[in-house]
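Participant: Just so you know, the sequences run in chain order A and B.
Residues in the first sequence are numbered consecutively from 207, following the numbering used here.
Residues in the second sequence are numbered consecutively from 102, following the numbering used here.
Cβ coordinates follow ideal geometry from the N, Cα and C atoms, glycine included.
Here the structure is a predicted model, which means the values were calculated and not measured.
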Amino acid sequence: MKLSLTKVVNGCRLGKIKNLGKTGDHTMDIPACLLYTKTGSAPHLTHQTLHTIHRLPAMAQLTLSSLAEHHEILADYKEGIGKFIGMPESLLYCSLHDPVSPCPAGYVTNKSVSVWGVGGRVEMTASKFMAIQQALQPDWFQCLSDGEASCEEATSIKRARKSVDRSLLFLDNCLRLQEESEVLQKSTIIGVIEGGDVMEERLRSARETAKRPVGGFLLDGFQGNPATLETRLYLLSSVTAELPEDKPRLICGVSRPDEVLECIERGVDLFESFFPYQVTERGCALTFSFDYQPNPEETLLQQNGIQEEIKYVDQTKKIKTTSCNQEMTSFEINLKEKKYQEDFDPLVRGCSCYCCKNHTRAYIHHLLVTNELLAGVLLMMHNFEHYFGFFHSIREALKSDRLAQLKELIRRQAS
Amino acid sequence: MASAVSPTSLESAPRIMRLVAECSRSRARAGELRLPHGPVATPVFMPVGTQATMKGITAEQLDALGCRICLGNTYHLGLRPGPELIQKAHGLHGFMNWPHNLLTDSGGFQMVSLVSLSEVTEEGVRFRSPYDGDETLLSPEKSVEIQNALGSDIIMQLDDVVSSTVTGPRVEEAMYRSIRWLDRCIAAHQRPDKQNLFAIIQGGLDADLRATCLEEMTKRDVPGFAIGGLSGGESKGQFWRMVALSTSRLPKDKPRYLMGVGYATDLVVCVALGCDMFDCVFPTRTARFGSALVPTGNLQLKKKQYEKDFRPIDSDCACPTCQKHSRAFLHALLHSDNTAALHHLTVHNIAYQLQLMSAVRASIVEKRFPDFVRDFMGTMYGDPTLCPTWATEALASVGITLS
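Here you go:
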């Protein structure tokens, strides 16, 4: 695997990762996002509906929390999780947790970490963890780590230190176990940077992890609400400064468009794509513009259009959903609102997703009101397409030195 | 409208059905319906998409499975989103973006299924909406008016439906009222050139009442006939006899639509009895409960026995689910909260139904339908003698023996 940077602009890295994957013949452009999945499948989508989406990420994210309990089945299956879930051609990254449903804290010990599946808690020592990865055979996997220093409101230095110590110990154990297994050697371990909000510990974690032969780095503990990320951005810069340039940097729990850009500016390469899923679950559609170089005559119209949308959106509206009790953002519209009942426009004019090419806002509104399953399917198709389009525009903006424009455009829509 | 008529035809009625082949033993027919949104091969199974959606599958997926006609429901759509909005959206076809044919039920069946919310008079059915408590009167005229706005290719008369377990004078009242309501529907129908209005034969499980209904309704100038009031709680023995009676008295050159029938065995037997069109929520509903339809019955994929079963649902099935996924994966996915699991099964179950009808049709065209039936029953029940008695009797009545 080789990461080559095309350019670095204001801290943002534009580049390519080549010779990726177990087969060594995949390529991935960065910055990029990974396809979010639940139990090995994109939410709501079958292979057919998934593949109508343009610019699908080269790599999908699997979560150990949804798969750990099936590891005996996968061990019997022998052919790895990619084939099992019907995605044999896709690159696969296995994270510990599901970014949408954080698990209960207090279950990490010096010897084990736990994940929660449908059937309950699965406790994993380093050897059990590696046995599971051996059955899964992903291309990349997040190493067993202690991420709980960032769970509490105020991290004690002691707890931050423990998270770093434990994670390094887990890493060394896992690396050793990997050496003993031919199968596991085909997968790449991603080292996890911990340390809570304590700068000293963060730096130590970065330096020590970088000494190990990992394939990349996961920046853990930066998830939370937009306010908490703000306070941690300075930590992020300091951490990435300690990491080698030629290895990818992933971050977990950060997926909002504005936060993505902040993190790219601080040296992050890869993101999870759970934000479009959360938007879907609250019956909303992403509509934010990432067209940073519109037709000059349209600029004024577009600006007015955006202002109109923001005026109507009640930004403090809380929408309860089954999996995310999140507030609606100004990047989206809520299709349940009565005003969409007779709106025969597509979700976003000009969007080339299946939903926008075939259906109207009025139809989606009807599906939501009648509680029909198709609402989730169509919204997911649109929201993923829109989001992947956004990432494409980031790369394009970086190529043509226009990231400032894109950032300004997103910033205007974020408030 | 009262000229004496033979079971064969009325000169002026539109002929939307072309017979392609007939079984020389049984009453099975293969044909082609000519409908405004394209031809439909018969016998045909029509999946049910009640509220302008085939549950979790897209119009594109449904088209790719070979479906050329599916159902929408007037009662539901009449309430939400309402006929005015659908008309603004260029009809139900435009609203749900379905390029092929649509059949809408009149709302009559909801009288039975939502019986606690409804009251029947000569005027129509008064429903209390479960959503906002509002009262609506669904009259024959209103039902046709809504269906005219929906623009479906086949529309159903509003019939007075009683549960097949009801006996006594109510059955007779409903039968005669259905005839009167048929005439009112015919009179109210604004678009006979674009939409085909079907009559629905009632009469419950009473042979005389059903015969009377048949005699009267076949005098009316409609493009097709449905056999209604069955597929409820009646015994299968009574069921098949009413179907057979109905097909024996319905014109040969018009389609026979048996409403609410969708179990594989029932489909095969009723094709033998002379039915052409079927609809049922069963395949799509059972999919959402984790049940996959196969030639030997069904697989309850949530059960532990499928945990490590790495075979597809059916190795002979050409559907996308079976091409890509194993029972074990579907089992795991069904135990998660990812709705994709339901969609995989919905796709497969619709494929199963459509593939079954396709196979039935091919066997009729190739003059081997009785052999097909024997094979089918053998696969489904293991041994012809294990076939349910009612099915054996029904098949025997039209000249097909199983052993």
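#1: Compare the C-beta of B:G167 with all C-beta atoms of chain A and state if any pair is closer than 9 Å.
#2: Near A:H571, which residues of its chain fall below 6 Å by C-beta distance, leaving aside the five closest residues on each side in sequence?
#3: Quick test of your reading: B:V141 and B:R116, contact by CB under 8 Å. State the CB separation rounded to the nearest angstrom.
#4: Answer yes if the region 349-368 of chain B comes into contact with the region 403-413 of chain B, meaning at least three C-beta pairs across the two stretches below 8 Å, and no otherwise.
#5: So is A:D520 in contact with chain B if we call contact Cβ pairs under 9 Å?
#6: Specify the secondary structure class of B:G179 as computed by DSSP and reduced to three states.
#7: Among A:T415, A:D607, A:S356, which has the Cα closest to the Cα of A:C458?
#8: Distance cutoff 9 Å, beta carbons only. Does A:Q267 sit that close to anything in chain B?
#9: Tell me the residue span of the beta strand (DSSP E) that contains B:R469.
#10: Given this structure, state the Cα-to-Cα distance separating A:I279 from A:H232, to the nearest angstrom.
#11: On a Cα-Cα basis, can you pick out the residue from A:D345, A:T415, A:L425 that is closest to A:Y299?
#12: Please report the straight-line C-alpha distance between B:A393 and A:M293, rounded to a whole angstrom.
#13: Beta carbons nearer than 9 Å to chain A: which residues of the region 447-479 of chain B have them?
#14: Alpha carbon to alpha carbon, how far is B:P396 from B:C420? Give it in angstroms, no decimals.
#15: Could you tell me the alpha carbon to alpha carbon distance between B:S479 and B:D367, rounded to whole angstroms?
#16: Flag A:T527 as yes if its beta-carbon sits less than 9 Å from any beta-carbon of chain B, otherwise no.
#17: Using C-beta distances below 7 Å, list every residue in its chain close to A:A646, excluding the 5 sequence neighbours before and after it, in chain order.
#18: Would you identify the three-state DSSP class for A:R367, choosing helix, strand or coil?
#19: Inspect the beta-carbon positions of B:S127 and B:I501 and report whether they are closer than 9 Å.
#20: What is the rounded straight-line gap between the Cα of B:E274 and the Cα of B:F379?
#21: Measuring CB atoms only, is the region 264-273 of chain A touching the region 336-350 of chain A, in the sense that at least three cross pairs come out at less than 8 Å?
#22: Looking only at its own chain, which residues have a Cβ that is under 7 Å from the Cβ of A:R617, when we skip the five neighbours before and after it?
#23: Could you check where the beta strand (DSSP E) with A:V214 kicks off and where it finishes?
#24: Hey, how far is the Cα of B:D438 from the Cα of A:G246?
#25: For chain A, is any of its Cβ atoms less than 9 Å away from the one on B:A129?
#26: Could you spell out where the beta strand (DSSP E) holding A:V398 opens and where it closes?
#27: Please specify which runs of the beta strand (DSSP E), each continuous and at least 3 residues long, are wholly inside the region 161-245 of chain B, giving them in chain order.
#28: At the 9 Å Cβ level, is B:D438 part of the contact set with chain A, yes or no?
#29: If you follow the alpha helix (DSSP H) that B:G500 is part of, which residue opens it and which one closes it?
#30: Could you work out which residues of chain B lie near A:P638, taking near to mean beta carbons separated by less than 8 Å?
#31: Taking the beta strand (DSSP E) that A:R455 falls in, what are its first and last residues?
#32: Using a cut-off of 7 Å between C-beta atoms, extract the partners of A:E548 located in chain B.
#33: For A:Q429 and B:L402, I'd like the C-alpha separation in whole angstroms.
#34: Can you list, in chain order, the residues of the region 408-432 of chain B whose Cβ is nearer than 8 Å to any Cβ on chain A?
#35: Going along the chain, which unbroken runs of the beta strand (DSSP E) with 3 or more residues stay wholly within the region 268-310 of chain B?
#36: Pick helix, strand or coil for A:L377, following the three-state DSSP scheme.
Facilitator: Reading off the structure:
#1: The sequence position of residue 167 of chain B within the second sequence is 66, counting from 1. Not one chain A Cβ lies under 9 Å of B:G167.
#2: Residue mapping note: residue 571 of chain A aligns to position 365 of the first sequence, counting from 1. Around A:H571: L541, Y546, Q547.
#3: The count along the second sequence starts at 1 and reaches residue 141 of chain B at position 40. The count along the second sequence starts at 1 and reaches residue 116 of chain B at position 15. Actually they are not in contact, since the Cβ atoms of B:V141 and B:R116 sit about 14 Å apart, beyond 8 Å.
#4: no
#5: Walking along the first sequence from the start, residue 520 of chain A turns up at place 314. With a pLDDT of 36 at A:D520, under the threshold of 50, the predicted position of this residue should be treated as unreliable, though the coordinate-derived value follows. Output row for A:D520: interface = no.
#6: In the second sequence, the residue the question calls residue 179 of chain B occupies position 78. Helix at B:G179.
#7: If you number the first sequence from 1, residue 458 of chain A lands on position 252. Looking at the Cα atoms, A:S356 is the closest of the given residues.
#8: If you number the first sequence from 1, residue 267 of chain A lands on position 61. Not an interface residue.
#9: The sequence position of residue 469 of chain B within the second sequence is 368, counting from 1. Here B:R469 belongs to no beta strand (DSSP E), and DSSP marks it neither H nor E.
#10: Translated into the one-based positions of the first sequence, residue 279 of chain A becomes position 73. Translated into the one-based positions of the first sequence, residue 232 of chain A becomes position 26. So the two alpha carbons sit approximately 28 Å from each other.
#11: As a position in the first sequence, residue 299 of chain A is number 93, starting the count at 1. That would be A:D345, whose Cα lies nearest to the Cα of A:Y299.
#12: Numbered from its first residue, the second sequence carries residue 393 of chain B at position 292. Numbered from its first residue, the first sequence carries residue 293 of chain A at position 87. Approximately 22 Å, taken between the alpha carbons.
#13: T447, V448
#14: Residue 420 of chain B sits at position 319 when you count from the first residue of the second sequence. Residue 396 of chain B sits at position 295 when you count from the first residue of the second sequence. About 14 Å.
#15: Residue mapping note: residue 479 of chain B aligns to position 378 of the second sequence, counting from 1. Residue mapping note: residue 367 of chain B aligns to position 266 of the second sequence, counting from 1. The amino acid at residue 479 of chain B is misidentified as Ser; the sequence shows Gly. If you take the alpha carbons of B:G479 and B:D367, they lie about 15 Å apart.
#16: Taking the first residue of the first sequence as position 1, residue 527 of chain A is located at position 321. Because A:T527 carries a pLDDT of 36, less than 50, the predicted location of this residue cannot be relied on, and no value is offered for it.
#17: Summary: the structure shown does not reach residue 646 of chain A, with chain A confined to residues 207 through 621, and so no result is reported for it.
#18: Taking the first residue of the first sequence as 1, we reach residue 367 of chain A at position 161. Three-state DSSP puts A:R367 in a helix.
#19: By 1-based counting over the second sequence, the position of residue 127 of chain B is 26. By 1-based counting over the second sequence, the position of residue 501 of chain B is 400. Yes, they are a contact pair.
#20: Reading the second sequence from its first residue, position 173 is the one you call residue 274 of chain B. Reading the second sequence from its first residue, position 278 is the one you call residue 379 of chain B. Each residue's alpha carbon lies about 26 Å from the other.
#21: yes
#22: Numbered from 1 along the first sequence, position 411 holds the residue referred to as residue 617 of chain A. Within the same chain, A:R617 has close Cβ partners D464.
#23: What you label residue 214 of chain A is simply residue 8 of the first sequence in a count that begins at 1. Note, A:V214: beta strand (DSSP E), 208-215.
#24: Locating residue 438 of chain B in the second sequence gives position 337, counting from the first residue. Locating residue 246 of chain A in the first sequence gives position 40, counting from the first residue. When rounded, the distance between both Cα atoms is 12 Å.
#25: In the second sequence, the residue the question calls residue 129 of chain B occupies position 28. It does not; no Cβ of chain A falls within 9 Å.
#26: Here residue 398 of chain A refers to the residue found at position 192 when the first sequence is read from its first residue. Here the beta strand (DSSP E) through A:V398 covers 394-399.
#27: 170-174, 202-206, 219-221, 226-229, 236-239
#28: For this step, residue 438 of chain B is matched to residue 337 along the second sequence. Interface residue, yes.
#29: Here residue 500 of chain B corresponds to residue number 399 of the second sequence, with the count starting at 1. Segment: none, B:G500 is in no alpha helix (DSSP H) and carries neither H nor E.
#30: Lying outside 207 to 621, the shown extent of chain A, residue 638 of chain A is not represented and no answer is given.
#31: Locating residue 455 of chain A in the first sequence gives position 249, counting from the first residue. Looking at the DSSP string, the run of the beta strand (DSSP E) that includes A:R455 is 455-457.
#32: Taking the first residue of the first sequence as 1, we reach residue 548 of chain A at position 342. Per Cβ cutoff of 7 Å: L186, K189.
#33: Your numbering for residue 429 of chain A matches position 223 in the first sequence. Your numbering for residue 402 of chain B matches position 301 in the second sequence. So the two alpha carbons sit approximately 37 Å from each other.
#34: E408, K409, F411, P421, T422, K425, H426, S427, A429, F430
#35: 297-302
#36: Start at 1 with the first residue of the first sequence, and residue 377 of chain A comes out as number 171. Three-state result, A:L377: helix.
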